[in-house]
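Undergrad: Residue numbers (the working numbering): 39 to 465.
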């Protein structure tokens with residue numbers, strides 16, 4: 039290998055130059071390949087020697103079997119086996135002796151002694167740290183156990199369970215409200231009627247809707263109460279498991295409760311896979327239950343409509359009866375008014391007749407046929423016509439009361455004058 043030119047001005051270190059490193063690399067590759075060839079040749083020699091040994095061993099075994107286990111052949115074989123064993127032990131002891139010889143070196147002994155002293159000090163320090171750590175661990179375990187059984191921690195656990203339950207309920211209710219709003223938005227808007235009959239129907243169906251809402255609310259509570267109950271039991275079992283961990287930390291294994299037994303006793307069992315017949319039966323039962331509910335709903339609606347119709351007919355009948363009673367009452371009042379009118383009319387006619395028949399000397403005139411006539415009421419005259427006649431007469435009387443009185447006075451004066459003239463003629 040040619041010597042590479044040195045470039046001291048690059049870095050001042052010959053061993054770090056690229057040319058030197060490349061040359062050393064090539065030299066190492068060459069040595070590696072040479073040693074690899076030597077290794078391969080030695081392996082071949084070892085394989086040949088091993089094959090020769092196995093062959094000789096086979097011959098020895100065959101010879102031993104041929105000699106049919108004679109005493110001399112058996113001894114030779116045993117000695118050979120012992121020789122191999124002793125040879126391997128010698129090699130092992132030689133290796134141990136070499137190691138011990140190296141350790142007997144004063145420099146090695148001094149280094150080992152120094153290392154031993156360092157490790158002793160480090161071991162003492164670590165032992166002290168471990169003792170302190172154990173004490174701190176015991177303190178932490180007691181504090182953790184005290185925190186686990188404290189009232190604030192218990193309240194926090196219950197609050198966590200309640201928060202999870204309320205959050206789940208809120209999510210479910212939000213989904214239900216969204217679906218209900220979507221159905222309302224897609225449905226056609228209907229303007230409600232404002233009649234009394236429609237108002238009664240709305241009132242009746244409002245009660246039915248209230249009952250349906252209460253039923254759905256009860257079904258929702260029943261469904262999610264079961265799930266909430268199972269979730270609460272699971273949380274309690276988890277809390278018991280945590281308490282068991284604290285007891286194990288405190289080395290109180292006698293007070294540990296088996297979680298598997300609690301799960302088997304309180305946790306709901308997983309449903310088994312149903313067969314196709316069971317699935318079909320459940321589907322039929324569900325369909326039949328839905329049909330029954332639909333029929334009951336239709337029957338309830340029909341009953342409500344019939345009840346509303348009956349109420350309407352009853353109200354109409356009562357209204358007709360009230361109108362009839364009011365009409366009869368008005369007819370009775372008209373009859374009484376007519377009787378009063380007739381009595382008053384007779385009294386007035388009697389008074390007029392007395393005034394016409396009475397004279398200044400108590401003489402009575404013959405009543406005229408025209409003045410003595412009274413109003414005759416035929417059977418064909420109705421009460422209504424009589425009342426109308428009575429009202430018209432009352433109005434006329436009110437308008438003519440004063441003129442009639444003046445006329446009456448004039449008539450009386452005329453009669454007196456006639457009487458005086460008659461008396462003079464008699465004389």
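Even for Gly, the Cβ is constructed at its ideal location relative to N, Cα and C.
Closer than 7 Å by C-beta to residue 186: which residues in its own chain qualify, once you throw out the five before and the five after it? Chain order, please.
TA: Only 280, 281, 284 meet the Cβ criterion.
Undergrad: Could you pull the start and end residues of the alpha helix (DSSP H) that residue 322 belongs to?
TA: 314-395
Undergrad: Check whether the region 264-272 and the region 149-165 touch, using three or more Cβ-Cβ pairs below 8 Å as the test.
TA: no
Undergrad: Do the CB positions of residue 346 and residue 238 come within less than 7 Å of each other?
TA: yes
Undergrad: What residue does the alpha helix (DSSP H) around residue 196 start on, and which one ends it?
TA: 189-224
Undergrad: What do you get for residue 336, buried or exposed, if any count of 16 or more other CB atoms within 10 angstroms of its CB means buried?
TA: exposed
Undergrad: With 7 Å set as the bound, which would you pick, yes or no: does the beta-carbon of residue 396 sit closer than that to a beta-carbon of chain C?
TA: Absence of chain C from the displayed structure is noted, only one protein chain being present.
Undergrad: Helix, strand or coil, according to DSSP, for residue 233 in the structure here?
TA: coil
Undergrad: Is DSSP giving residue 305 helix, strand or coil here?
TA: Residue 305: coil per DSSP, three-state reduction.
Undergrad: So, with DSSP's three-state summary, where would you put residue 228?
TA: The answer is coil: DSSP assigns residue 228 none of H, G, I, E or B.
Undergrad: How many Å lie between residue 155 and residue 147 at the Cα?
TA: 12 Å
Undergrad: Taking residue 172 as part of the alpha helix (DSSP H), name the residues at either end of that continuous run.
TA: 144-186
Undergrad: Nearest-angstrom Cα distance between residue 211 and residue 331?
TA: 24 Å
Undergrad: Out of 153, 87, 172, 327, point me to the one whose CA is closest to residue 288's CA.
TA: The shortest CA-to-CA distance from residue 288 to any of 153, 87, 172, 327 is the one to 172.
Undergrad: I want to know whether the region 292-308 touches the region 319-333 - three or more CB-CB distances under 8 Å.
TA: no
Undergrad: Could you tell me the alpha carbon to alpha carbon distance between residue 191 and residue 259, rounded to whole angstroms?
TA: 29 Å
Undergrad: Sorted by chain position, which residues of the same chain lie with C-beta nearer than 6 Å to residue 223's C-beta, five sequence neighbours on each side aside?
TA: Taken in chain order, the list of residues that qualify is empty.
Undergrad: Whose CA, out of 140, 255, 234, lies closest to the CA of residue 214?
TA: 255
Undergrad: Anyone know if the C-beta pair for residue 292 and residue 203 falls short of 7 Å?
TA: no
Undergrad: With DSSP collapsed to three states, give me the class of residue 126.
TA: The DSSP-derived three-state label of residue 126 is helix.
Undergrad: Give every residue of the same chain whose Cβ lies closer than 8 Å to the Cβ of residue 297, excluding the five residues on either side of it in the sequence, and list them in chain order.
TA: Once the five neighbours on either side are set aside, the close Cβ partners of residue 297 are 275, 278, 279, 282.
Undergrad: Buried or exposed: where does residue 82 fall if 16 or more other Cβ atoms within 10 Å of its Cβ makes it buried?
TA: Exposed.
Undergrad: Given a threshold of 16 other Cβ atoms within 10 Å of its Cβ, counted over all protein chains shown, does residue 208 qualify as buried or as exposed?
TA: exposed
Undergrad: Does DSSP put residue 288 in a helix, in a strand, or in coil?
TA: coil
Undergrad: Taking the straight line between their C-alpha atoms, what separation do you get for residue 28 and residue 143?
TA: Outside the displayed span of the chain (39 to 465) sits residue 28, for which this structure offers no information.
Undergrad: Cα separation between residue 370 and residue 364?
TA: Cα to Cα, residue 370 sits roughly 10 Å from residue 364.
Undergrad: If we count the other Cβ atoms within 10 Å of its Cβ and call it buried at 16 or more, is residue 376 buried or exposed?
TA: buried
Undergrad: Using a Cβ-Cβ cutoff of less than 8 Å, which residues in the same chain neighbour residue 241 once the five nearest sequence positions on both sides are dropped?
TA: none
Undergrad: By how many angstroms is the C-alpha of residue 378 removed from the C-alpha of residue 243?
TA: 56 Å
Undergrad: By how many angstroms is the C-alpha of residue 135 removed from the C-alpha of residue 125?
TA: 15 Å
Undergrad: From residue 351 to residue 226, what distance separates their C-alpha atoms?
TA: 32 Å
Undergrad: Which of the three DSSP states is assigned to residue 76 in this structure?
TA: helix
Undergrad: What number of angstroms, rounded off, separates the C-alpha of residue 386 from the C-alpha of residue 373?
TA: Rounded to the nearest whole angstrom, the C-alpha separation of residue 386 and residue 373 is 20 Å.
Undergrad: Once DSSP output is grouped into helix, strand and coil, what is the label at residue 264?
TA: When DSSP states are grouped into helix, strand and coil, residue 264 belongs to the helix group.
Undergrad: Would you report the Cα separation of residue 179 and residue 290, rounded to the nearest angstrom?
TA: Approximately 12 Å between the Cα atoms of the pair.
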